[in-house]
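If you want it as structure tokens, here you go:
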């Protein structure tokens, strides 16, 4: 697997809208409103923006001029939940690009009690956003009828069968394949898997990668070593308890489909006197910050970059006639002590 490299910000040869924002002391969205005349801005603020632009020799971009007639200069981002480092990183990437391009971000977290299709319909009816970024849809039912024709939409980390919407995702199949191959190289043959919820797109893609790797390596899948989790620390704890109560022999390794479950699994194993990796190897997915502190082998996904690319695609849909393509971003295996083989040192 190749690394995802986010290049450092190139030296600016031309002043940007963000430069005007900093010099004038107003938000980048306000600067855009001044140049596009899309909302009421006080004479004092307008003068500060125009003076800053003149001082910097700033010329509004073609994209900015194409926004004339838009009313909100706002991207809508709808997420399943807020209590996730994964989603927070994606949102940070969206917000970064939006600020650079003069947009605000209206983020909404659906949770278990809200209907996403109803939320999409309300945003369309109220005219509060110029485009929607939808992360990890459950299925096409999450899209309000007719919404595709009314508003530019970009899907993040989820494909919908038969849909022509651009999708920005990461290579979950390849990431899972790389993890199984790594565990195999460490000498592990009985590999257990703690998956995500049934029907979850990421989990299905990672399971497909596992099946591909198992078949290629000549390994057999033991259904007794395949457990379903909920992408939470608590579900990792429960899975560990349930397995230990079953009195089955420990597998050689356990691959959790995200780091939160791996962290829960690790804690419960340790409380039961089982040492990782001496007694069983352990690995996760997403490479959250805690993974490094716990020496947890994981797969690093480009969450922030996904958000950045998705925001750029959404703005392109607003400002251009052409429909931008989707993109599948590469992931990276991060090897640490938790996946060590029989000699107890990861290779």
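In my numbering, the protein residues as written are 13 to 359. Even for Gly, the Cβ is constructed at its ideal location relative to N, Cα and C. Because the structure is a prediction, the values reported are computed rather than measured.
For this session: Give the C-beta separation of residue 109 and residue 323 to the nearest angstrom, bearing in mind that I take them to be a contact with Cβ-Cβ under 8 Å.
Result: 4 Å
For this session: Tell me, please, whether the stretch 249-258 touches the stretch 177-184 by the rule of three or more beta-carbon pairs shorter than 8 Å.
Result: no
Exercise. Hey, would you say residue 247 sits closer than 8 Å to residue 219, going by beta carbons?
Worked result: no
For this session: For residue 7, count neighbouring C-beta atoms within 10 Å of its own C-beta (all shown protein chains included) and say buried if the count is 16 or more, exposed if not.
Result: Since the first and last residues shown for the chain are 13 and 359, residue 7 lies out of range.
For this session: Look at the alpha carbon of residue 8 and the alpha carbon of residue 105, and state the distance between them as a whole number of angstroms.
Result: Residue 8 is absent from the model: the chain starts at 13 and stops at 359.
For this session: Inspect the beta-carbon positions of residue 189 and residue 230 and report whether they are closer than 8 Å.
Result: no
Exercise. Nearest CA to the CA of residue 319: which residue from 103, 47, 223, 97?
Worked result: 103
Exercise. Going straight from the alpha carbon of residue 349 to that of residue 204, what length do you get?
Worked result: 18 Å
Problem set entry | residue 262 to residue 289 span [Cα, whole Å] | 12 Å
For this session: Tell me where the beta strand (DSSP E) around residue 311 begins and ends.
Result: 310-312
For this session: Please report how far the alpha carbon of residue 341 lies from the alpha carbon of residue 217, in whole angstroms.
Result: 14 Å
Exercise. Less than 8 Å separating the beta-carbons of residue 92 and residue 145?
Worked result: no
Exercise. Taking only runs of the alpha helix (DSSP H) that begin and end inside the stretch 186-249, which ones reach a length of at least 4 residues, in chain order?
Worked result: 213-229
Exercise. Measuring CB to CB, does residue 351 end up less than 8 Å from residue 138?
Worked result: no
Exercise. Start and end of the alpha helix (DSSP H) containing residue 176?
Worked result: Looking at the DSSP string, residue 176 is not in any alpha helix (DSSP H), and its letter there is neither H nor E.
For this session: State the Cα-Cα distance for the pair residue 78 and residue 270, rounded to the nearest angstrom.
Result: Any reading at residue 78 needs caution, since the residue's pLDDT is 49, under 50, leaving its predicted position unreliable; the model's value is listed next. When rounded, the distance between both Cα atoms is 41 Å.
Exercise. With distances taken between CB atoms, is the gap from residue 226 to residue 266 smaller than 8 Å?
Worked result: no
Problem set entry | Whole-number beta carbon distance between residue 325 and residue 117, since they are thought to touch under 8 Å | Actually they do not touch by this definition, with Cβ atoms about 15 Å apart.
Exercise. Span of the alpha helix (DSSP H) holding residue 98?
Worked result: 97-112
Exercise. To which residues does DSSP link residue 276 through a beta bridge?
Worked result: Paired residues: none, contrary to the question.
For this session: Classify residue 277 as buried or exposed, calling it buried when 16 or more other Cβ atoms lie within 10 Å of its own Cβ.
Result: buried
Exercise. Going by beta carbon distance, what residues of the same chain come within less than 6 Å of residue 339, once the five residues before and after it are set aside?
Worked result: 180, 321
Exercise. Under 8 Å, do residue 194 and residue 345 count as touching if we go by C-beta distance?
Worked result: yes
Problem set entry | Proximity to residue 228 [Cα-Cα], best of 210, 215, 196, 208 | 196
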